[in-house]
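Novice: Would you mind keeping the following structure in view while I ask a few things?
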Amino acid sequence: MRHFLDLHKLTSEDLRGILTQAAAMKTARTGQPKGAPDDGVPLAGRMVALVFEKPSTRTRVSFDVGVRQLGGETLVLSGKDMQLGHGETIADTARVLSRYVDLIMIRTFKEETLLELAEYATVPVINGLTDASHPCQIMADMLTFEEHRGPIKGRKVVWAGDGNNVCTSFLHAAGQLGFDLTFTGPEALDPDPEAVAFARGKGSTVEIERDPLKAANGASLIVTDTWMSMHDPESARQRRHAMLRPYQVNEALMAAAGGNALFMHCLPAHRGEEASDGVMDGPNSVIFDEAENRLHAQKAIMRWCLRV
Ligand code: CP
Ligand code: NVA
533 MRHFLDLHKL TSEDLRGILT QAAAMKTART GQPKGAPDDG VPLAGRMVAL VFEKPSTRTR
593 VSFDVGVRQL GGETLVLSGK DMQLGHGETI ADTARVLSRY VDLIMIRTFK EETLLELAEY
653 ATVPVINGLT DASHPCQIMA DMLTFEEHRG PIKGRKVVWA GDGNNVCTSF LHAAGQLGFD
713 LTFTGPEALD PDPEAVAFAR GKGSTVEIER DPLKAANGAS LIVTDTWMSM HDPESARQRR
773 HAMLRPYQVN EALMAAAGGN ALFMHCLPAH RGEEASDGVM DGPNSVIFDE AENRLHAQKA
833 IMRWCLRV
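In structure tokens, the structure reads:
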């Protein structure tokens, strides 16, 4: 069975195949209304459950629209309205949902929940974000980078700020697709050492540079994310903001990269915190292309999972 749980768990050939199919499907839809079905409707007759234990705009809408474009049907479920939110185990939930649907996408807290769901489900499971990773986002980001700048292999990506779940998936992608990553942020929020080790083990250069302006030198892409992820406790807000403020992506940081670096943010953003308005809306920002590409990337991920 093909689960899409994390980028380091697939082969780089599989990831490349998904990206190639996503780009082709995107091109094929040029000029089509958003609700028009894709040729061949490869998910015809398939039912997809989209389970959310955390809020979402992009993941919810892009998966729902993507399934419909592929000719399938969706059930969007809120974890707190399910028995899952009232004591039913994830293992039982997995076995029950598998009797009704052909594919399960889940956004949850602990990575263990995702892994347990995949262990007990008899249909493929897709990771729609956990506290630990966000692989669908980075597939969209890879598609976006290569549309604008060509192959990402050999490029330097700078991650500025919190070494969080999205950063972890970037490190997995670095190893799988052959790019280098420099992290610039406070030591207390350094990236996951296992993800760093994975990327290095695959031959990528991963550097930690506390000076953001030095880090930006030679970057093809600068990426940041919110200073407070959905799983971060409110009590940590002040401390995190104080630590992260020097790592804001602003005009000075983009200039230090040399003027040609793209800017990415998975969104939702807190404008004026992790990134300035000038950068978010600037000429090198591709944030809305990233959001659009969630749709195309995830359609290819679902086709890969279901082999259709
Ligand atoms: N980037 C992202 O996953 O956005 P949502 O939280 O809106 O789904
Ligand atoms: N790091 C953020 C990403 C949101 C899409 C979070 O986990 O809240």
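Every number in my numbering is 532 more than the matching position in the sequence shown, counting from 1. Backbone N, C-alpha and C fix where the C-beta goes; we use that ideal spot for every residue, glycine too. Being a predicted model, the structure only gives us computed values, none of them experimental.
Thinking just about the alpha-carbon of each residue, which of M671, I670 and T621 is nearest to the one in L647?
Specialist: T621
Novice: Please look up how many angstroms separate the CB atoms of A793 and A731, rounded, as I've assumed it's under 8 Å.
Specialist: Wrong, their Cβ atoms sit about 20 Å apart, outside the cutoff.
Novice: For K541, name the three-state secondary structure that DSSP assigns.
Specialist: Three-state DSSP puts K541 in a helix.
Novice: What is the DSSP secondary structure of F711, counted as helix, strand or coil?
Specialist: coil
Novice: Which residues mark the beginning and the end of the alpha helix (DSSP H) in which S594 is found?
Specialist: R590 to Q601
Novice: Can you tell me whether DSSP reads K685 as helix, strand or coil?
Specialist: coil
Novice: Using the C-alpha atoms, what's the distance from V840 back to T562?
Specialist: 22 Å
Novice: Residues in its own chain within less than 7 Å of R681 by CB, not counting five upstream and five downstream?
Specialist: Closer than 7 Å at Cβ, skipping near neighbours: S752 and L794.
Novice: Taking the straight line between their C-alpha atoms, what separation do you get for K688 and R631?
Specialist: 45 Å
Novice: Does the beta-carbon of P667, which I'm using as the reference point, lie nearer than 8 Å to any heavy atom of the ligand NVA?
Specialist: no
Novice: Kindly indicate the opening and closing residues of the beta strand (DSSP E) around L794.
Specialist: L794 to H797
Novice: Measure the beta-carbon distance from K831 to Q669 and round it to whole angstroms, keeping in mind my assumption that it falls under 8 Å.
Specialist: Not confirmed; about 15 Å, so no contact.
Novice: At the level of alpha carbons, what is the spacing between L635 and A829?
Specialist: Annotation: L635 to A829 spans about 16 Å, alpha carbon to alpha carbon.
Novice: Does the Cβ of V698 lie closer than 8 Å to at least one heavy atom of the ligand NVA?
Specialist: yes
Novice: Using the Cα positions of A560 and Q553, report the straight-line distance between them to the nearest angstrom.
Specialist: 10 Å
Novice: For R803, which residues from the same chain have a beta carbon less than 7 Å from its beta carbon, with the 5 sequence-adjacent residues on both sides left out?
Specialist: D809 and M812
Novice: Only counting the same chain, and skipping five residues up and downstream in sequence, which positions put a Cβ closer than 7 Å to that of T756?
Specialist: Excluding positions up to five away in sequence, the list reads A692, G693, V781, H797, E806 and A807.
Novice: Over what stretch of residues does the beta strand (DSSP E) that includes N825 continue unbroken?
Specialist: Not the beta strand (DSSP E): N825 falls in the alpha helix (DSSP H), residues I819 to L838.
Novice: Do R701 and D538 have their C-beta atoms closer together than 9 Å?
Specialist: Before going on, a small fix: residue 701 reads as Ser here, not Arg. Yes. Within cutoff.
Novice: Can you tell me which of E824, V628, G598 and P667 puts its alpha carbon nearest to the alpha carbon of C699?
Specialist: Answer by Cα proximity: P667.
Novice: Since F715 and D722 are thought to touch, with beta carbons under 8 Å apart, how far apart are those beta carbons, to the nearest angstrom?
Specialist: Rounded to whole angstroms, the Cβ separation of F715 and D722 is 7 Å, and the two are in contact under 8 Å.
Novice: Give me, in chain order, the residues of the same chain whose beta-carbon lies closer than 6 Å to that of R826; leave out the 5 immediate sequence neighbours on both sides.
Specialist: R590, S594 and A672
Novice: Under three-state DSSP, which class holds V573?
Specialist: coil
Novice: Which same chain residues, not among the five before or five after V657, have their C-beta less than 6 Å away from its C-beta?
Specialist: Closer than 6 Å at the Cβ level, and outside the excluded window around V657, lie H535, I636, L649 and A650.
Novice: So for A692, helix, strand or coil by DSSP?
Specialist: strand
Novice: For Q564, is the classification buried or exposed, using 16 other Cβ atoms within 10 angstroms of its Cβ as the cut-off for buried?
Specialist: exposed
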